[in-house]
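Enquirer: Input: one structure, supplied below.
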Amino acid sequence: MSEDDERHGTDTTHDEDGTDDDRTPFEAVRYADGSLGYPGHPVGPDGSEPVGTVDLSEHTARVVTWTTATSPPPGVRSPNHLAIVEFDVDGEPIRALGQLTTGDVAIGDEVRPVYAAELRDPEAGIRDPESQEWDGYRFEPV
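Be aware that the sequence shown starts at 1, since it is given in the UniProt record's numbering, and climbs by one per residue.
Listed below in C-alpha cells is the structure:
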C-alpha cells in the first residue's frame, strides 16, 4: 500500500506480477461517522469529508429487485438483465445498480461482482466510440 493510500484509507489493486491493475475500482466511500456511500460524494450525510474507501468487489451482495430490459440502448446486450443489490459492509447497507450476468436470479439471491472489460460495444450508436468505452462490474449469482 502506498503512503497516499495509507493516508486516505484506500488500497490499490495489483496484478499477480505486482503492477497496478487498470480495472475501474468498485468502491464505496467511508465517512467519518462510519457511514458508507456509493457512488461516493465529497460530503457525507453528517457533512464530513470521506476518510477512506471500501472495495465492494471483495464483498457479496443480495438481490433487492431485478428486471430485464428487452430494448436497451445501442451497444448494450439484449436482453439486458439489471439488479439493485445490497451489500452489508460492517453492518452498513450499501445499494448499487448494475447488470447481471444472467436472468436466472431471484430476489434475495446472493451475488458477487465480476469485472467486465466492456459493458457495451463502443462502436454501436452515433457517439464517438472513445466516449463509449466503459468497463465495470456485473453481478453473478454465487
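In this text, a Cβ means the ideal position worked out from N, Cα and C, and glycines have one as well.
(1) Between the alpha carbons of residue 106 and residue 133, how many angstroms are there, rounded?
(2) Considering only residues of the same chain and omitting the five flanking positions on each side of residue 28, which have a CB-CB separation below 6 angstroms?
(3) Measuring alpha carbon to alpha carbon, tell me which residue in 50, 116, 87 is nearest residue 30.
(4) Please confirm if residue 82 has its CB atom under 8 angstroms from at least one CB of chain C.
(5) Between which residues of its own chain and residue 108 is the CB-CB distance below 8 angstroms, once the five residues before and five after are set aside?
(6) How would you call residue 137, buried or exposed, if buried means at least 16 neighbouring beta carbons within 10 angstroms?
(7) Using CA atoms only, rank isn't needed, just tell me which of 68, 47, 87 is closest to residue 81.
(8) Determine the direct distance from the alpha carbon of residue 45 to that of residue 58, and round the result to whole angstroms.
Expert: This is what the structure gives:
(1) As a first step, residue 106 is located in the sequence shown; it is residue number 106 there, counting from the start. As a first step, residue 133 is located in the sequence shown; it is residue number 133 there, counting from the start. So the alpha carbons of these two residues sit roughly 30 angstroms apart.
(2) For the purposes of this step, residue 28 is taken as residue 28 along the sequence shown, with counting starting at 1. If we look at residue 28 and ignore the five residues flanking it on each side, its Cβ neighbours are 36, 38, 54, 56, 94.
(3) Indexing the sequence shown from 1 puts residue 30 at position 30. Here the closest residue by C-alpha is 50.
(4) Protein chains in the displayed structure number just one, and chain C is not present.
(5) Against the sequence shown, residue 108 aligns to sequence position 108. The residues are 62, 63.
(6) Working through the sequence shown from its first residue, we reach residue 137 at position 137. Burial call: buried.
(7) Here residue 81 corresponds to residue number 81 of the sequence shown, with the count starting at 1. By alpha-carbon distance to residue 81, the top candidate from 68, 47, 87 is 68.
(8) On the sequence shown, residue 58 is found 58 positions in, with the first residue counted as 1. On the sequence shown, residue 45 is found 45 positions in, with the first residue counted as 1. Taken atom to atom, the span from the alpha-carbon of residue 58 to that of residue 45 is near 24 angstroms.
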